[in-house]
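Asker: Going down the list, the sequences are from chains A and B. Numbered by the working numbering, the letters in the first sequence go through residues 14 to 70 in order. Numbered by the working numbering, the letters in the second sequence go through residues 1298 to 1565 in order. Just so you know, even glycine gets a beta-carbon here, dropped at the ideal spot from N, CA and C.
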Amino acid sequence: MAISKDLLEILVCPLCKAPVHPTLDGQGLKCSQCRRVYPIKDDIPIMLVDEARIEPE
Amino acid sequence: MSKKHLQTTQRQFTKTAEAFIKRHPRDTQEMLAERAGFVKPQPEDLALDVACGGGTLVLALAPWVRRAFGIDLTPAMLTHAREFQRERQIQNTAFTCGEAGRLPFADGTFDLVTCQFSLHHMQKPQAILREMLRVMKPAGRMMVVDTLGPESDEKWELHQEIEVLRDPSHTASLRLTSFLASFEALGLEVMRQKLLRRERSFNDWMLRAGLDFSDKRYAEARRLMQSSERGDRAGFSPKPHGEDILITHNEGMFLVMRPGGESTLSRE
Chain A
14 MAISKDLLEI
24 LVCPLCKAPV
34 HPTLDGQGLK
44 CSQCRRVYPI
54 KDDIPIMLVD
64 EARIEPE
Chain B
1298 MSKKHLQTTQ
1308 RQFTKTAEAF
1318 IKRHPRDTQE
1328 MLAERAGFVK
1338 PQPEDLALDV
1348 ACGGGTLVLA
1358 LAPWVRRAFG
1368 IDLTPAMLTH
1378 AREFQRERQI
1388 QNTAFTCGEA
1398 GRLPFADGTF
1408 DLVTCQFSLH
1418 HMQKPQAILR
1428 EMLRVMKPAG
1438 RMMVVDTLGP
1448 ESDEKWELHQ
1458 EIEVLRDPSH
1468 TASLRLTSFL
1478 ASFEALGLEV
1488 MRQKLLRRER
1498 SFNDWMLRAG
1508 LDFSDKRYAE
1518 ARRLMQSSER
1528 GDRAGFSPKP
1538 HGEDILITHN
1548 EGMFLVMRPG
1558 GESTLSRE
């Protein structure tokens, strides 16, 4: 079971509140503003700032 | 919340996830149905349960609303939530790991925002209520359920000492008057309110926090509980019961809204 579409529609970055989008490998959710990538573990998005890594452009 | 307190909370609930889920006297089907009914769920509601733990309230609300989401700090709790969701084949729910004080949702997303038995783990409960209010639609509703601390300062202090001894992630049990003052400070109106007295086994209560008879903290908490019997000095109304002690928690359930919010819901 992947992340539900309904959840993806409403999730935002907990820091800047900008929308997040699935990464190409489907392993994370990337903030469109601060470029933090929040990991997805066992189909559960981990929206904790400390768990995120900042990706280059 | 401070990083240290977040870690304490996460550690406590990772360690006790299994015991917590199995020994949850507040989450019988009857009690969950009572809470689900209390919020007057509407078929179009988008609901969020903050600090959802094993997801019991999310799953109880799901049949009555469009979608019910849950968020919790502890992944081990969410793993249980997902298992329950699969077992019951409930489709319109999803779980997220996140902080109650930094919800990963935009302003005004939800019709219904709930939080049960969690504010006493928060260092700044008022900030959490404000964050819950942020993600609530202008005409949305918020339900808060929690244990209530004694109104008397002396009783409150011993009550607090026992609670923290049992669970280091317990910050403070708010009093009824503190809850009402918090809602007022946020400009919220109480639409429904229910106060309950819930009796439970002291031993079970300790086991749920991962403490058994051999634990020093168990012994100390039991000693304090017994010493509080005369004059009910900690507000738990303890009663000896064989090897066990029956204790009572006061609970408050509140349904609050912004003034003039939902006109279809009658005030009670």
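By DSSP's criteria, R66(A) is part of a beta bridge. Which residues make up the other side?
Answerer: V50(A)
Asker: Under 9 angstroms between C-beta atoms, does D55(A) make it to chain B?
Answerer: Interface residue, yes.
Asker: Is it right to say P1556(B) is buried, meaning 16 or more other beta carbons lie within 10 angstroms of its own, or is it exposed?
Answerer: exposed
Asker: Note the first and the last residue of the continuous beta strand (DSSP E) segment covering L1485(B).
Answerer: Taken as a continuous stretch (DSSP letters only), L1485(B) belongs to no beta strand (DSSP E), as it is neither H nor E.
Asker: Less than 8 angstroms between the CB of Q1326(B) and some heavy atom of the ligand SAH, yes or no?
Answerer: The model on display carries no ligand, and the ligand SAH is accordingly not part of it.
Asker: Nearest chain B C-beta to C26(A) closer than 9 angstroms, yes or no?
Answerer: yes
Asker: What's the call for D1408(B), buried or exposed, on a 16-neighbour Cβ count within 10 Å?
Answerer: The residue in question, D1408(B), is buried, as its Cβ has 16 or more Cβ neighbours within 10 Å.
Asker: From the DSSP output, in three-state form, read off D19(A) for me.
Answerer: Reduced to three states, the DSSP call for D19(A) is helix.
Asker: When burial is assigned at 16 or more other CB atoms within 10 Å of the CB, is R1564(B) buried or exposed?
Answerer: Because R1564(B) carries a pLDDT of 45, less than 50, the predicted location of this residue cannot be relied on, and no value is offered for it.
Asker: DSSP on F1533(B), reduced to helix/strand/coil?
Answerer: coil
Asker: Cβ atoms of D63(A) and T1376(B): under 9 angstroms apart, would you say?
Answerer: no
Asker: Have a look at the DSSP bridge pairing and note the partners of M1440(B).
Answerer: T1411(B) and L1552(B)
Asker: Using DSSP with H/G/I as helix, E/B as strand and the rest coil, what is F1366(B)?
Answerer: Under the three-state reduction of DSSP, F1366(B) is assigned to strand.
Asker: Is M1488(B) closer than 9 angstroms to V1553(B) when the C-beta atoms are compared?
Answerer: Yes, the Cβ-Cβ distance between V1553(B) and M1488(B) is below 9 angstroms.
Asker: Which of the residues in the segment 1343-1364 of chain B, read from start to end, lie with their CB under 7 angstroms from any CB of chain A?
Answerer: For the segment 1343-1364 of chain B, which is checked against every Cβ of chain A, the residues closer than 7 angstroms are R1364.
Asker: Distance check for R48(A) and P69(A), CA to CA, integer angstroms please.
Answerer: 7 angstroms
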